[in-house]
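Report on the structure given below.
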Amino acid sequence: MPPFANAHHFVIQNSSFYDQAGKPAFEALQESIAPGAFHNSSERFNAPKCHPSTRQAVQRRIISWVDDINRTEGVIWLNGLAGVGKSAIAQTLAEDCHRRKRLAASFFFSRTAARRTDATYLFPTIAYQLALSIPSARPYIEDAIEVEPSIFSLSLETQMDVLIIRPLQSAESTQDHTGTTADLIIIDGLDECHNPETQSHILELISSALLRYHLPICFLICSRPETEIRNIFYHTELHQTSITITLDDNFSPDHDIEIFLRSKFSEMKQRHTLKSVIPKSWPSNSDIQALVTRASGQFIYAATVIKYITDSRHHPIERLSVVLGISLQNNHMPYVQLDQLYRYILSTIQDPGALRILGILVAPSLTSSSSKDNPRSRNEPDSGVADMHTIITKSTQKRLHTLALHPWSTQFLDKLLTFRPGMVYMLLTDLHSVLSLPADASSSVPINIPHASFSEFLLDRSRSQTFFVDLGLVYADLAACCLRQCTTSSELKQVSLSRTIYNTLPNYGMRLGKSSLFSVQEKRTAEEKPVKNGSLQAM
Numbered sequence: 013m014p015p016f017a018n019a020h021h022f023v024i025q026n027s028s029f030y031d032q033a034g035k036p037a038f039e040a041l042q043e044s045i046a047p048g049a050f051h052n053s054s055e056r057f058n059a060p061k062c063h064p065s066t067r068q069a070v071q072r073r074i075i076s077w078v079d080d081i082n083r084t085e086g087v088i089w090l091n092g093l094a095g096v097g098k099s100a101i102a103q104t105l106a107e108d109c110h111r112r113k114r115l116a117a118s119f120f121f122s123r124t125a126a127r128r129t130d131a132t133y134l135f136p137t138i139a140y141q142l143a144l145s146i147p148s149a150r151p152y153i154e155d156a157i158e159v160e161p162s163i164f165s166l167s168l169e170t171q172m173d174v175l176i177i178r179p180l181q182s183a184e185s186t187q188d189h190t191g192t193t194a195d196l197i198i199i200d201g202l203d204e205c206h207n208p209e210t211q212s213h214i215l216e217l218i219s220s221a222l223l224r225y226h227l228p229i230c231f232l233i234c235s236r237p238e239t240e241i242r243n244i245f246y247h248t249e250l251h252q253t254s255i256t257i258t259l260d261d262n263f264s265p266d267h268d269i270e271i272f273l274r275s276k277f278s279e280m281k282q283r284h285t286l287k288s289v290i291p292k293s294w295p296s297n298s299d300i301q302a303l304v305t306r307a308s309g310q311f312i313y314a315a316t317v318i319k320y321i322t323d324s325r326h327h328p329i330e331r332l333s334v335v336l337g338i339s340l341q342n343n344h345m346p347y348v349q350l351d352q353l354y355r356y357i358l359s360t361i362q363d364p365g366a367l368r369i370l371g372i373l374v375a376p377s378l379t380s381s382s383s384k385d386n387p388r389s390r391n392e393p394d395s396g397v398a399d400m401h402t403i404i405t406k407s408t409q410k411r412l413h414t415l416a417l418h419p420w421s422t423q424f425l426d427k428l429l430t431f432r433p434g435m436v437y438m439l440l441t442d443l444h445s446v447l448s449l450p451a452d453a454s455s456s457v458p459i460n461i462p463h464a465s466f467s468e469f470l471l472d473r474s475r476s477q478t479f480f481v482d483l484g485l486v487y488a489d490l491a492a493c494c495l496r497q498c499t500t501s502s503e504l505k506q507v508s509l510s511r512t513i514y515n516t517l518p519n520y521g522m523r524l525g526k527s528s529l530f531s532v533q534e535k536r537t538a539e540e541k542p543v544k545n546g547s548l549q550a551m
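Counting with our numbering, you get residues 13 to 551 for the letters of the sequence shown.
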């Protein structure tokens, strides 16, 4: 009997019906988002947030704006230099607004996470959260996907219009406004989106939507004051509908950093394994003030110092002495104190294998480079990786694509690098002050770099010096690891693996030593057919 046969006297409202032979709209949406960008995602476990009694003035200012039903500006731009606490404020506000059912959506960009640096995931991810936080919008979002299934590969402008603007307009007439509604969208780390032009384009789309349509949403956008972003906020129509908040000395960062340090030292003296031998007077007021001065308004410096000192496997008094004893030079250079702290922490690494893993963690995503099999990514490809995609089979491309999307957990890296289980965890165990590691070595929870300043430090030779991460070596290492996984099948029987890696990364070839290029070749036989005329035989 057909569905609803002989049924009568009922009404179905706001419903969508789909041919189950195809993919349901909400399922298609769910597969096209970046769940790691949510404020409460497992990928961002232990995300930094404001310490109690700190950053209260800026939080109050933003919350009062969110709660003002008569607000005339649709955007707050929270900007500041690296390490001043923008993401911590965004995270704290996201959690608070989520509890109060005011958070409509959030997207935390990260240049070291595949989907969180790619703008093509931004609006689908926001739309997915809107469908959950504003139920009246969900059927319209689903209808839009059903009408245009290819929406996820269309332009950002089209995605914004189809997935967000139109559904919100349609839902506005059915929304119950008797109580508070979810209306805040938080976009953090916009400067970590892959392309400055794309960053500007996102702001232009938001500005256009707010100025041309009556939408029941507002945006908190957090970023560094990069030139392209600053120009959009100051010199376009976005200036008409935005408030700019700069995290500078007007918000008394030194006072807040001192509160944070004193609280953390007090907490440590109660919990550390050596608490019975730590003097009550430690650290001295002069020690605290010295740390505050060295922080120069950067919460990331204070947070890194605390994580370094409180490591339960080391004596905290000795570690504080080490931090205070680090010679400061060239104080006029930005981030000099933070860089010197990073260099010292890395100098304590016993096994160079840890640096190899750090390189993999901070390398820009492979999926940031476009390929034929990845139509969602419209970025300009990195030349080395682009060449790799042109000569490796679709099967191997798929492996690389899957590799890039896979969370970098210690468990996964053990398998990728063919290490004994737990080896990656052991190599990184002395880096808790700069990495967020899961409690269990077998955990599938991804390793997280809490702050972008550490990635930038490693990728800047002038700052990291001997700890500089050469991306050419990293990409070659990843390619070798991925291709090594294929050697268990017949897929690469006709390919000389060493030649493959060498030819796929021509821009890096002159920098790669035989130990890097030919490590996998040892497992190959002399009968392998060579590469002819600079290209691979059919695979």
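The beta carbon of each residue, even a glycine, is placed where N, CA and C say it ideally should be.
With a Cβ-Cβ cutoff of 8 Å, do ARG67 and GLY97 count as a contact?
yes
List the DSSP bridge partners of PRO458.
SER421
I'd like to check one pair, SER324 with ILE360: are the Cβ atoms closer than 8 Å?
Sequence inspection shows Thr at residue 360; the Ile mentioned does not correspond to that position. No; because the gap between Cβ atoms is not below 8 Å, this pair is not in contact.
Under the three-state reduction of DSSP, which class applies to SER235: helix, strand or coil?
strand
Taking the C-alpha atoms as reference points, what is the distance between ASP394 and HIS267?
Its pLDDT being 41, under 50, ASP394 is placed unreliably by the model, and the measurement read from it follows with that caveat. Rounded to the nearest angstrom, the two C-alpha atoms are 44 Å apart.
Report the option in LEU425, LEU370, ILE138 and SER448 whose CA atom is closest to the CA atom of PHE120.
ILE138
Which same chain residues, not among the five before or five after ARG127, have their C-beta less than 6 Å away from its C-beta?
ALA46 and TYR133
So what's PHE120 in DSSP terms, helix, strand or just coil?
When DSSP states are grouped into helix, strand and coil, PHE120 belongs to the strand group.
From this set, GLY86, LEU425, ALA116 and GLN103, which residue's C-alpha is nearest ASN58's C-alpha?
Here the closest residue by C-alpha is GLN103.
Out of THR124, LEU90, ASP261 and PRO228, which has the shortest C-alpha to C-alpha gap to LEU483?
THR124
Just to confirm my understanding: we take SER44, look at its own chain, exclude 5 residues before and 5 after, and list those with CB closer than 6 Å. What are they?
PRO136 and PHE164
Out of SER288, GLY365 and MET280, point me to the one whose CA is closest to LEU332's CA.
When only C-alpha atoms are compared, the closest one is MET280.
Output the distance between the C-alpha atoms of SER219 and THR239, rounded to the nearest integer angstrom.
18 Å
What residue range does the alpha helix (DSSP H) around TRP294 cover?
Here TRP294 belongs to no alpha helix (DSSP H), and DSSP marks it neither H nor E.
In terms of residue numbering, what span does the beta strand (DSSP E) encompassing ILE257 cover?
Unbroken beta strand (DSSP E) run through ILE257: 254-258.
In chain order, what residues of the same chain have a beta carbon less than 6 Å from the beta carbon of PRO450, not counting five sequence neighbours either side?
VAL457
Have a look at ARG388 and ARG283 and give me their C-alpha separation to the nearest angstrom.
Low local confidence applies: a pLDDT of 36 at ARG388 is under 50, so the model's placement there is unreliable, with the coordinate-based value given in what follows. Approximately 48 Å between the Cα atoms of the pair.
Run through the DSSP bridge pairs and tell me what TRP89 is partnered with.
ILE233 and THR256
Are the CB atoms of PHE38 and GLU160 within a distance shorter than 8 Å?
no
Please report the straight-line C-alpha distance between MET438 and ASP426, rounded to a whole angstrom.
11 Å
On a CA-only basis, which of THR256, LEU470, SER122 and TYR487 is nearest ARG242? Give me that one, please.
THR256
Tell me whether GLN423 is buried or exposed, calling it buried when 16 or more other Cβ atoms sit within 10 Å of its Cβ.
buried
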